[in-house]
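Undergrad:
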Amino acid sequence: MVELKTQLPRIFDSFAKARQDGFLAMKKLKDSGTGVVGQFCTYTPQEIFMAAGLVTVGLCATSDETIPEAEKELPSNLCPLIKSSYGFAITDKCPYMYFSDLVVGETTCDGKVKMYELLGKIKNVHILELPKRQNTPQAKALWREELVRLKERVEKDFHVTITDEMLQEAIRRRNMERKLLKELYELSTMTPPPLTGMRQLQILFGSQFKFNWEEKIREIENAIAGIRQAYDAGERPVPASAPRILVTGCPIGGVTEKVVRVIEEAGGVVVVFENCTGAKQMDRQCREEGDPITNLADHYLQIGCAVMTPDTNRFELLERLCKQFHIDGVVEMTLQACHPYAVEAHSVKLFMQEKNIPYLQLETDYSTADIGQLSTRAGAFVEML
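When we follow my numbering, the leftmost residue of the sequence shown carries the number 25, and every step to the right adds one.
1. Could you tell me the boundaries of the alpha helix (DSSP H) in which Gly135 lies?
2. Nearest by alpha-carbon distance to Ala369: which of Tyr390, Ala113, Asp335, Leu345 is it?
3. Just verifying my parser: in three-state terms, what is the DSSP assignment at Tyr383?
4. Put Met376 into one of helix, strand or coil per three-state DSSP.
5. Could you check what DSSP says for Gly403 in three-state terms: helix, strand or coil?
6. Considering Ile251, what are the terminal residues of the alpha helix (DSSP H) in which it resides?
7. Who are the Cβ neighbours of Gly278 in its own chain at under 7 Å, not counting the five residues just before and after it?
8. Going along the chain, which residues of its own chain have a beta-carbon closer than 8 Å to the beta-carbon of Gln162, five neighbours each way excluded?
9. So if DSSP puts Phe297 in a beta bridge, which residue, or which two residues, is it bridged to?
10. At the level of alpha carbons, what is the spacing between Phe182 and Gly57?
11. Suppose only complete runs of 4+ residues qualify. What are the alpha helix (DSSP H) ranges in the region 57-85, listed by chain order?
12. Taking just the CA atoms, how far does Ala366 sit from Ile106?
13. In whole angstroms, what separates the C-alpha of Arg177 from that of Leu386?
14. At which residues does the beta strand (DSSP E) containing Met357 begin and terminate?
15. What whole-angstrom Cβ distance do Leu208 and Ile248 have, given they're in contact under 8 Å?
16. Does the Cβ-Cβ distance between Val271 and Val355 come in under 8 Å?
17. When DSSP labels each residue in this structure, what does Ile276 get in the three-state scheme?
18. With distances taken from CA atoms, which of Thr388, Lys96, Arg260 is nearest Leu211?
19. Report the start-end ranges of each beta strand (DSSP E) in the region 88-176 that is 3 residues or longer and not cut off at the edges.
20. Pull up the distance between the alpha-carbon of Asp45 and that of Asn101, whole angstroms please.
21. Would DSSP call Thr213 helix, strand or coil?
22. Would you mind sorting Asp55 into buried or exposed? The rule is 16 or more other CB atoms within 10 Å of its CB.
23. Since Thr388 sits in a beta bridge, which residues does DSSP pair it with?
24. Taking 6 Å as the limit between beta carbons, can you name the residues of its chain near Ala42, skipping five residues before and five after?
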């Protein structure tokens, strides 16, 4: 028991500090000659980069530190994720952006597309043309061609040849990673859950900044085993009476952790994240048999997101998660000026009303000025539950 109590905090700290600690790891990789691809979106297929022997890193910034610099070129009423990401690029304050040999963007929103045009003046940028529909033959054909184009760009820029066998092995590896991360967040289907939402988010968010795949797999496996052992030994970090919350909406991590913090300080517990950081990208496996490019195209195009119309896959996942995790309430985190999620929030609210599940939308940005307001609203919501 003593051993578990001393090891579990280390496990959580390892993932919580992964983004910061990864700066040095990234420099070592660059010094060794490893190519680096920076990406912004869950729709971008990491398997193509993995197959080429490259390291992938997420570039969506989560701090307001560089927004004033970005606003010298971008409108102030733009989404904070876009402004922050661009600000870190032009100020060279993000080592991940600095070390990226190729930056892959996507047409998920108009603001990001126009930002990518500016980013292309200082970085090597490739844009994926993402369809807005998921089940038409035309959309599927377009998306497959986009992945072929990305594969060819990677081969050209990094002087490699990506075979079907390489892609199949990369799919197998990513499936293993998805399976383990899903196993980890599904631990919170237990009542009471064996970890807080903040601890869960630390692992889900931090795992993308661990660049040695074998070590990352071992750390996730150790985290799962450690959490299970502590729970079996009687540790209960969350009261059984805590209302069980599902968080959905815009990408969450970094400064937006404040939403999770105010929910849990009010007495609730976040048991699952539907956002890009969580179930949205971990819930399904990619088919391993057959043509790998087709399999990747089919897999990634089916991710549920507010940029899709109709966005049936997101609602299917939300319904399933609410049942699986015995959800008492849903909190939607919307970033200011994120129009797709802001508009779709009304549909999510109506959907939850039909299921008799209480719903709260919290709109925020990358500052800390609204923490008092968020705390008041989250507190009232949790108390009502």
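Here a beta-carbon is modelled for each residue, glycine too, at the ideal position from N, C-alpha and C. Keep in mind it's a predicted model, so treat the numbers as computed, not measured.
TA: Per the coordinate set shown:
1. 134-143
2. Asp335
3. strand
4. If DSSP states are grouped into helix, strand and coil, Met376 belongs with the helices.
5. helix
6. 237-256
7. Thr86, Ser87
8. The residues are Pro155.
9. Val271
10. If you take the alpha carbons of Phe182 and Gly57, they lie about 11 Å apart.
11. 70-75
12. Note on geometry: alpha-carbon atoms of Ile106 and Ala366 lie some 16 Å from one another.
13. Going from the Cα of Arg177 to the Cα of Leu386 covers about 40 Å.
14. 353-359
15. 5 Å
16. Yes.
17. coil
18. Arg260
19. 126-130, 149-152
20. 32 Å
21. helix
22. exposed
23. Leu359
24. Gly230, Phe233, Lys234
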